[in-house]
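A short write-up of the structure that comes next.
2 protein chains.
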Amino acid sequence: MGIIRKTKAVKILLDLFENEFSAILAVDLVERLKNEMNKTTVYRALDRLEDEGIIHSFVGKNGLKWYAKCKNNCTSGHHNDVHPHFECKKCKKVMCLPVEVTIPNIPNHTIDNTAVFITGICDNCND
Amino acid sequence: MGIIRKTKAVKILLDLFENEFSAILAVDLVERLKNEMNKTTVYRALDRLEDEGIIHSFVGKNGLKWYAKCKNNCTSGHHNDVHPHFECKKCKKVMCLPVEVTIPNIPNHTIDNTAVFITGICDNCND
DNA sequence: AAATTAATGCAACGGCGTTGCGAAAGAATA
DNA sequence: TATTCTTTCGCAACGCCGTTGCATTAATTT
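Chains as they are written, first to last, in the numbering used here: chain E, 1 to 127; chain U, 1001 to 1127.
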């Protein structure tokens, strides 16, 4: 807990997420890094990075796992931003939208976590 | 397109969803019906029911597929209700919430579909 | 009843993600 | 630097969900 060990895998992944603004599919990471590290290593390093609140994960429509960089000081266990994730049908990119989604009050329910997944066409492809 | 064939599988499934208010995991359906039909049949019949707009599906946090009955005259291809799905951490049930979630306008984006998945504690377990 | 179309069962597969375990790498102590 | 301890890595194998191909059976059409 606290400082994360900067292993080879962690360094490579951090670098990757630093230069990537859209979310990345876990399987794509495995593929892209297959010459540098084993797939098990990728998954375990992702787990650690998520535990530390450096990245966050979510599941797409097809059940595949996406990872993206956290921007709002998330900590282990709790992620601050409840932002939607947007998947463009054209360019296939998935991005975190800098927008707050407010969930209407639901009587007698305790809300713990909210995931919003939107599909459509992004601004880049809309020209 | 149009009228769905009332095969054995479809009848059983329709009956099941009629008497079930919470969503059902696809794998649970396969398990519950394993003496009456093959797992392939279950998945294929679910596909057809969804195509006809009788049920709708969504993916949970762990990537598993859920099915629930449609209530708002959905048609093939398009499902009318953008309601959240709520998973209770205690009783593990997943229900469709009768609430509209409004997504804030996102400049230059064309929204096609929205999925909201909430976890927490439901009213039944909150006493 | 015969012919056509659609649904079913079975077995095998594909893909994502996980686990167990021995080997290697990194941190800590001296 | 040498020794010990802890964490990570690689490999192989696995578990599971959902899908596909194909031959069989059931339902619809004529």
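The beta carbon of each residue, even a glycine, is placed where N, CA and C say it ideally should be.
CB contact below 7 Å: residue 1115 of chain U versus chain E: yes
Which residues of chain E have a Cβ atom closer than 8 Å to the Cβ of residue 1086 of chain U, listed in chain order? 106 and 109
Counting contacts by CB-CB distance shorter than 7 Å, is residue 53 of chain E in contact with chain U? no
May I ask you to check if the CB of residue 1091 of chain U is nearer than 6 Å to at least one heavy atom of the ligand HEM? For the structure depicted, the ligand HEM is absent and the ligand set is empty, with no information on it obtainable.
Residue 1123 of chain U versus chain E: which residues are under 9 Å apart at the beta carbon? 106, 107, 108 and 109
Please state if the CB of residue 94 of chain E and the CB of residue 87 of chain E are separated by a distance shorter than 7 Å. yes
Identify every run of the beta strand (DSSP E) within the region 22-106 of chain E, keeping only runs that are complete inside it and at least 3 residues long; order them along the chain. 55-59, 65-69, 85-88 and 94-96
Please confirm if residue 119 of chain E has its CB atom under 7 Å from at least one CB of chain U. yes
Please decide whether residue 132 of chain E counts as near chain U, where near means a Cβ-Cβ distance under 7 Å. Given that chain E is displayed from residue 1 to residue 127, the structure contains no residue 132 of chain E and the question cannot be resolved.
Looking at the structure shown, is residue 1123 of chain U part of a helix, part of a strand, or coil, going by DSSP? coil
Helix, strand or coil at residue 118 of chain E according to DSSP, with G and I counted as helix: For residue 118 of chain E, the secondary structure class from DSSP, reduced to helix, strand or coil, is strand.
Should the region 96-113 of chain E be called in touch with the region 1096-1115 of chain U, which here means at least 3 C-beta pairs below 8 Å? yes
Residues in the region 1006-1022 of chain U having any Cβ partner in chain E nearer than 7 Å: none
So, helix, strand or coil for residue 1012 of chain U, using DSSP? helix
Taking Cβ positions only, does residue 30 of chain E come closer than 7 Å to chain U? Cβ-Cβ to chain U under 7 Å: no for residue 30 of chain E.
Is residue 1 of chain E close to chain U, meaning its C-beta is less than 7 Å from at least one C-beta of that chain? Legend: pLDDT at residue 1 of chain E = 43, less than 50; position of this residue unreliable, no value from coordinates given.
Would you mind telling me which residues of chain U sit closer than 9 Å to residue 61 of chain E, beta carbon to beta carbon, in chain order? 1058, 1059, 1113 and 1115
Cross-chain neighbours of residue 99 of chain E in chain U, by beta carbon under 7 Å: 1104 and 1106
Using a Cβ cut-off of 7 Å (strictly closer), state whether residue 82 of chain E contacts chain U. no
For residue 1089 of chain U, return the contacting residues in chain E, with the cut-off set at a CB-CB distance below 7 Å. 112
Output the distance between the C-alpha atoms of residue 1059 of chain U and residue 92 of chain E, rounded to the nearest integer angstrom. 18 Å
Pull up the CB-CB distance for residue 1067 of chain U and residue 1023 of chain U, whole angstroms please, since I reckon it's below 8 Å. 6 Å
Output the distance between the C-alpha atoms of residue 131 of chain E and residue 17 of chain E, rounded to the nearest integer angstrom. Given a span of 1 to 127 for chain E in the structure shown, any question on residue 131 of chain E remains unanswerable.
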